[in-house]
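Asker: Numbering (full-length UniProt numbering), first residue to last: 1 to 700.
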Amino acid sequence: MFNNEVKTTCSYCGVGCGIVVKKDINNKIFVEGDKDHPVNKGMLCSKGMNLHYVVNDISDRILYPEMRWSRSHPRERVSWDAALDRASSVFKSVIKKYGPDSVGFYVSGQSLTEEYYIANKLTKGFLGTNNIDTNSRLCMSSAVVGYKKTFGEDSVPTSYEDIELADCFLITGANPAWCHPILFRRIEKHKEQNPDVQIIVVDPRKTDSANFADLHLQLLPGTDIILYNAIGRRLFERGLIDDDFIKNHTEGFKDYKEQIFSVSVKKASKLCGVPEKDIRKAADIIGLSKGFISMWAMGLNQSVVGVNKNLALLNLSLITGQVGKPGSGPFSLTGQPNAMGGREVGGMANLLAVHKDLQNEEHRREVAQFWGVDRISDKPGYTATEMFEALESGKLKAVWIACTNPLVSLPNTHRIEKALKQAKFVVVQDISHRSDTVAYADLVLPAAGWLEKEGTMTNSERRISYLPKAVNAPGEARPDVEIFCDFAQRMGFRGFNYNSAEEIYDEYCEMTKGTNIDVSYLNYDRLKNEGTFQWPVPEYRHSGTSRLFADKKFYTPSQKAVFNVPDQVLNTSEMPTEDFPLILTTGRVRDQWHTMTRTGKVSRLKTHYPTPVLEINPVDAYLNKVKDGDITEIKSKNGVVRVRAKVTDAIKKGVVFLPMHWGKQLQSDLNRANNLTNTHVDPQSKEPDFKFTTVSVSKY
Ligand code: SF4
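1. Between the region 687–699 and the region 579–588, do three or more beta carbon pairs fall short of 8 Å?
2. K266 by DSSP, collapsed to three states: which one?
3. Quick test of your reading: L311 and K149, contact by CB under 8 Å. State the CB separation rounded to the nearest angstrom.
4. Using 8 Å as the cut-off, can you tell me whether the region 445–452 makes contact with the region 47–57, which would need three or more C-beta pairs spanning the two stretches below that distance?
5. Please determine whether the Cβ atom of P181 lies at a distance below 6 Å from any heavy atom of the ligand SF4.
6. Run through the region 596–633 for me and flag every whole beta strand (DSSP E) of 3 or more residues, listed as ranges in chain order.
7. Which two residues bound the contiguous alpha helix (DSSP H) that contains S393?
8. Just the Cα atoms here: how many angstroms apart are W296 and T172?
9. From the DSSP output, in three-state form, read off K290 for me.
10. Restricting to Cα atoms, I'd like to know which of K290, E188, I25 and V15 is closest to N3.
11. Between the beta-carbon of K35 and the beta-carbon of I29, is there less than 7 Å?
12. Excluding the 5 residues flanking P380 on each side, which residues of the same chain have their C-beta closer than 7 Å to its C-beta?
13. Where L396 and T611 are concerned, what is the direct C-alpha to C-alpha distance, given to the nearest angstrom?
14. Spatial neighbours of I517 within its chain, please: CB distance less than 7 Å, with the 5 preceding and 5 following residues excluded, ordered by chain position.
15. What does a CB cutoff of less than 6 Å around E115 pick up in its chain, not counting 5 residues either side in sequence?
16. Looking at N308 and I225, is the spacing between their C-beta atoms short of 7 Å?
17. Could you give the first and the last residue of the continuous alpha helix (DSSP H) run that contains G33?
18. Here's a check: name, in chain order, each residue in its chain whose Cβ is nearer than 7 Å to the Cβ of I231, leaving out the five neighbours to either side.
19. Among the residues of its own chain, which have a CB less than 7 Å from the CB of R137, if the five just before and after it don't count?
20. Is it right to say Y106 is buried, meaning 16 or more other beta carbons lie within 10 angstroms of its own, or is it exposed?
21. Could you work out which residue in Y700, S11, G544 and A501 is closest to Y524 when comparing CA atoms only?
22. Could you have a look at E76 and say whether DSSP puts it in helix, strand or coil?
23. How would you write the range of the alpha helix (DSSP H) that W178 sits in, first residue to last?
24. Looking only at DSSP bridge pairs, what is M457 linked to?
25. Take the Cβ of H73 as the centre, count every other Cβ of all protein chains shown within 10 Å, and call the residue buried at 16 or more, exposed below.
26. Identify the continuous beta strand (DSSP E) that holds A419 and give its terminal residues.
27. Using only CA atoms, which one of K627, T404 and E530 lies nearest to H661?
28. Taking only runs of the beta strand (DSSP E) that begin and end inside the region 527–559, which ones reach a length of at least 3 residues, in chain order?
29. Please determine whether the Cβ atom of P47 lies at a distance below 6 Å from any heavy atom of the ligand SF4.
30. With residue 703 as the anchor, note down where its beta strand (DSSP E) starts and where it stops.
31. Short check: CB of Q684 to CB of V156, under 7 Å?
32. Please report how far the alpha carbon of F126 lies from the alpha carbon of A673, in whole angstroms.
33. Under DSSP, the beta strand (DSSP E) around H216 begins and ends at which residues?
34. Could you tell me the alpha carbon to alpha carbon distance between P618 and P204, rounded to whole angstroms?
35. Let me know the secondary structure DSSP gives I58 once reduced to three states.
36. The ligand SF4 and C485: does the residue's C-beta get closer than 6 Å to at least one heavy atom of that ligand?
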């Protein structure tokens, strides 16, 4: 498909590194970092630099559609016509009998923007239901609500180029040294060249990021808001706040001040398990810095108080006036490569395309008009966990799962298993048989993967990049947009007769005209010829926008940023008990990605962290009679996991850690961390709490 080389973007994390794909003498592809790319400047992390193995090895790939006529029959190979005719006839009959809200789509932050857009248009515009949600719900939805409440819209104000301009980083609920490695390399390099740069890490674990920090605040899980508020109070008391910014560009400060003064720094220290002097020191570093950037990921978002954690952290940027200026601002680190693109096209159950609001009648009318349909339903769809609860209860009859593996990634996986068994019809559209969810499909559709299709993605800093097709997909695998459009046409819907992904992209760009995410002047030609762009790109020849809110005008009706007062400051969803005395937090390891359907097949990525282990503090290990290397049984009210123990003071006393990547291995699901996790969600963002499940640990 290409001669010498082709440029694209890494398909793993939201950093969005540029990659050059080349061919060796055997016509096998290999990858290098793109030296000209503004994000990574030639660097790649272990996952990115091994991406070609994933493409070259097709032994696990789903090569043709498979279908079963009933649950008592095995699946068998069928033609695309037979597969999509069956899908459309089942969806038609289910909708006719039970109404449009009886079907749903569960998609992915790894989907390209064009795929996300089409799935969203198909579901909300034509199937007549808002039942489309995504695994980004597990990742960023608390940050989305936080941004909307603070700035008036889901808008990341900051840019990677701010890293080299900042002198203070507060990294909280994230381990970028492992999970956003190239971004972290930039921070490390910046600090090496500027030793005065100060890094504060907030985490119950001594991660590699924490080990590099000047100050590590090893807090107890769920106490983040108390900590940020104590820092806010100390900033105020020391006079290290920006009065002018607060007065002229914000609202709600009085209530915020009242809340931060309701708990003393001393009391906060006790609640968080962080020394008082360290809280004061953190506040002083932040308050005396010229450029303050906060960075966060799942540690904040995946919580029953995830939105409140976001709001409390965003308040620190407001109180110091550190937003919209070079080298400053809040910066949520997106886990998936295109979680941001999905948000842009409204690929969630409670959003509409181009950041329009599902609850706004005018917005619904505008979107309906654009797509040429009568109306968009005003009923919010099922969010990720709600969708599987609805399958379990029988309210949702048919589900279409694309590019995600909920049987490993959603909380309380035994319940997900039950829900999939309960469903009347399950479609799984994926690239790999390594996805555990495939086993529960009535219809399996082979999708094209990275390099096998074209489209666009948006990384954590609003940077849109074009990904070309470079190789042919194996077997009968097809690009996701083709599959969705083919299905839509078989359903009898107009408006899905596209000739290319580019036509879909152009339609989306047209829709953005006049909005805050306007990219109506950014077409495939510009992306191919000029490289990546940060939205908005609202004019002809516009070169993109690296930083938002430079004019201190926010997207709220008053154009002021809003101090929001968290209505709950502690996570009290599950208090440790005699039966379950420890708090389990889950997370990621350096060389694996999500549920390992791709990274798990690359042998050199297995050496760093070959099997899942339970990290446990020496005191807790002693109390529970567990020694380093013992097989332990970890129990919660939802299930059991059995893995070896790693006794380490890298984890705070009272807390244990399990990595989330492993699914069913060798017919056993005892490696799967989400056997244990609870089903609590944040009431506003509906993001599940993967960071706070009470468990017991014993030697097995
Ligand atoms: Fe890919 Fe993220 Fe690694 Fe960059 S940092 S190479 S985007 S996985």
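All residues carry an ideal CB built from backbone N, CA and C; glycine is no exception.
Predicted model, so just to flag it, every value in this text is computed and none were measured.
Answerer: According to the structure data:
1. Touching, yes, given that three or more Cβ pairs across the two stretches are closer than 8 Å.
2. Residue numbering aside, residue 266 sits at position 266 when the sequence shown is read from its first letter. Looking at K266 - three-state DSSP - the assignment turns out to be helix.
3. The sequence position of residue 311 within the sequence shown is 311, counting from 1. The sequence position of residue 149 within the sequence shown is 149, counting from 1. The C-beta distance from L311 to K149 rounds to 6 Å, short enough to fall under 8 Å.
4. The count of Cβ pairs closer than 8 Å, one atom from the region 445–452 and one from the region 47–57, reaches three, so the stretches are in contact.
5. On the sequence shown, residue 181 is found 181 positions in, with the first residue counted as 1. Correct: P181 has its Cβ closer than 6 Å to the ligand SF4.
6. Unbroken beta strand (DSSP E) stretches of 3 residues or longer found wholly inside the region 596–633: 613–616, given in chain order.
7. As a first step, residue 393 is located in the sequence shown; it is residue number 393 there, counting from the start. S393: member of the alpha helix (DSSP H) spanning A384 to S393, first to last residue.
8. Translated into positions along the sequence shown, residue 296 becomes position 296. Translated into positions along the sequence shown, residue 172 becomes position 172. Here the alpha carbon of W296 sits roughly 5 Å from the alpha carbon of T172.
9. Looking up residue 290 in the sequence shown gives position 290. Of the three classes helix, strand and coil, the one that applies to K290 here is coil, per DSSP.
10. Your numbering for residue 3 matches position 3 in the sequence shown. Minimum Cα distance to N3 is reached at I25.
11. Within the sequence shown, residue 35 is the residue found at index 35, counting from 1. Within the sequence shown, residue 29 is the residue found at index 29, counting from 1. Taking 7 Å as the Cβ cut-off, K35 and I29 do not qualify as a contacting pair.
12. Within the sequence shown, the letter at position 380 stands for residue 380. Take P380, set aside five residues on each side of it, and the residues of its chain with a beta-carbon closer than 7 Å to its own are N130, A349, N350 and L358, in chain order.
13. Position 396 of the sequence shown, counted from the start, is the residue given in the question as residue 396. Position 611 of the sequence shown, counted from the start, is the residue given in the question as residue 611. Just so you know, the alpha carbons of L396 and T611 end up roughly 36 Å apart.
14. As a working mapping, residue 517 is identified with position 517 in the sequence shown. E344, V354, H355, W535 and P536, listed in sequence order.
15. To locate residue 115, count along the sequence shown from 1; it is residue 115. Cβ within range, chain order: D480 and V481.
16. Here residue 225 refers to the residue found at position 225 when the sequence shown is read from its first residue. Here residue 308 refers to the residue found at position 308 when the sequence shown is read from its first residue. In this structure, I225 places its C-beta atom within 7 Å of the C-beta atom of N308.
17. Walking along the sequence shown from the start, residue 33 turns up at place 33. Unbroken run through G33 is the beta strand (DSSP E), I29 to G33; no alpha helix (DSSP H).
18. The residue given as residue 231 occupies position 231 in the sequence shown. So the list reads I279, A282, A283, I286 and L316, once near-sequence residues are dropped.
19. In the sequence shown, residue 137 corresponds to position 137, counting from 1. Correct list, in chain order: M348, T383, A384, K686 and E687.
20. Position 106 of the sequence shown holds residue 106. Y106 comes out buried.
21. Here the question's residue 524 lines up with position 524 in the sequence shown. A501 is the residue among Y700, S11, G544 and A501 whose C-alpha sits nearest the C-alpha of Y524.
22. On the sequence shown, position 76 is the one that residue 76 refers to. The answer is strand: DSSP assigns E76 an E or B state.
23. As a working mapping, residue 178 is identified with position 178 in the sequence shown. Its alpha helix (DSSP H) spans residues P176 to C179.
24. The residue given as residue 457 occupies position 457 in the sequence shown. Answer by DSSP bridge pairing, in chain order: S465.
25. Residue 73 sits at position 73 when you count from the first residue of the sequence shown. By the neighbour-count rule (16 or more Cβ atoms within 10 Å), H73 is not buried but exposed.
26. In the sequence shown, the residue the question calls residue 419 occupies position 419. Element bounds for A419: not the beta strand (DSSP E) but the alpha helix (DSSP H), T413 to Q422.
27. Taking the sequence shown and counting its residues from 1, one reaches residue 661 at position 661. Comparing Cα-Cα distances from H661 to each of K627, T404 and E530, the minimum goes to T404.
28. DSSP runs (the beta strand (DSSP E)) wholly in the region 527–559: none.
29. Working through the sequence shown from its first residue, we reach residue 47 at position 47. Reading the sequence as shown, one finds Lys at residue 47 and not Pro. Yes, the beta carbon of K47 sits closer than 6 Å to at least one heavy atom of the ligand SF4.
30. Because residue 703 is not part of the residues shown, which for the chain are 1 to 700, the question remains open.
31. Residue numbering aside, residue 684 sits at position 684 when the sequence shown is read from its first letter. Residue numbering aside, residue 156 sits at position 156 when the sequence shown is read from its first letter. Against a cut-off of 7 Å, the Cβ pair of V156 and Q684 comes out as no contact.
32. The residue given as residue 126 occupies position 126 in the sequence shown. The residue given as residue 673 occupies position 673 in the sequence shown. Within the model, the alpha-carbon separation for F126 versus A673 is close to 38 Å.
33. Numbered from its first residue, the sequence shown carries residue 216 at position 216. Taken as a continuous stretch (DSSP letters only), the beta strand (DSSP E) holding H216 covers L215 to L217.
34. The residue labelled residue 618 in the question sits at position 618 within the sequence shown. The residue labelled residue 204 in the question sits at position 204 within the sequence shown. Rounded to whole angstroms, P618 to P204 spans 15 Å at the Cα level.
35. Here residue 58 corresponds to residue number 58 of the sequence shown, with the count starting at 1. Looking at I58 - three-state DSSP - the assignment turns out to be coil, as it is neither helix nor strand.
36. Locating residue 485 in the sequence shown gives position 485, where the first residue counts as 1. Because no heavy atom of the ligand SF4 lies under 6 Å away, the Cβ of C485 does not count as near it: no.
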